[in-house]
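Numbering (our numbering), first residue to last: 9 to 170.
Structural data, given as structure tokens:
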């Protein structure tokens, strides 16, 4: 009780295809809850988005330490939740059995199927989809609400044992 949820964040995949990445500023509402601590698991050129958006004060950049999947897996295993777009990080978190929320574009890869909030491949994964093209606010609001419920449960005092 009283500790902040530790959340990893990935907002972009490879430069192509572009339909998997999200503009980092659209994730700003997630960063407002003081019960949460965010860590960037973003690697590659888009890791620089953190400073460019002015979020480097709100999100600790772990990219210098993420040299390979093994290092990323080690970090993911220490986190309470991973929030990511459709990238290898989503699959790694799912394969590790870590709680993971995946933000999906209106038209997403076939692996995520249609009209599902879960993944048959990864039981610890929840999918948050755009209802319309370029609707970033809707899925982010749903993720924010789901994280708030997790934070509430994590910080709720437990009854003292007699």
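Glycine included, each C-beta is placed from N, C-alpha and C at the ideal position.
Hey, would you say residue i sits closer than 8 Å to residue j, going by beta carbons?
i, j, result
"residue 21", "residue 94", "yes"
"residue 83", "residue 49", "yes"
"residue 51", "residue 71", "yes"
"residue 132", "residue 106", "yes"
"residue 92", "residue 101", "yes"
"residue 43", "residue 13", "yes"
My output table needs one value for residue i: the three-state DSSP class, helix, strand or coil.
i, result
"residue 17", "strand"
"residue 92", "strand"
"residue 27", "helix"
In this structure, what does DSSP give as the bridge partners for residue i?
i, result
"residue 133", "108"
"residue 68", "47"
"residue 126", "134"
With burial defined as no fewer than 16 other Cβ atoms inside 10 Å of the residue's Cβ, what is the status of residue i: buried or exposed?
i, result
"residue 157", "exposed"
"residue 126", "exposed"
"residue 138", "buried"
Along the chain, where does the alpha helix (DSSP H) that runs through residue i open and close?
i, result
"residue 148", "145 to 163"
"residue 57", "57 to 60"
"residue 84", "77 to 86"
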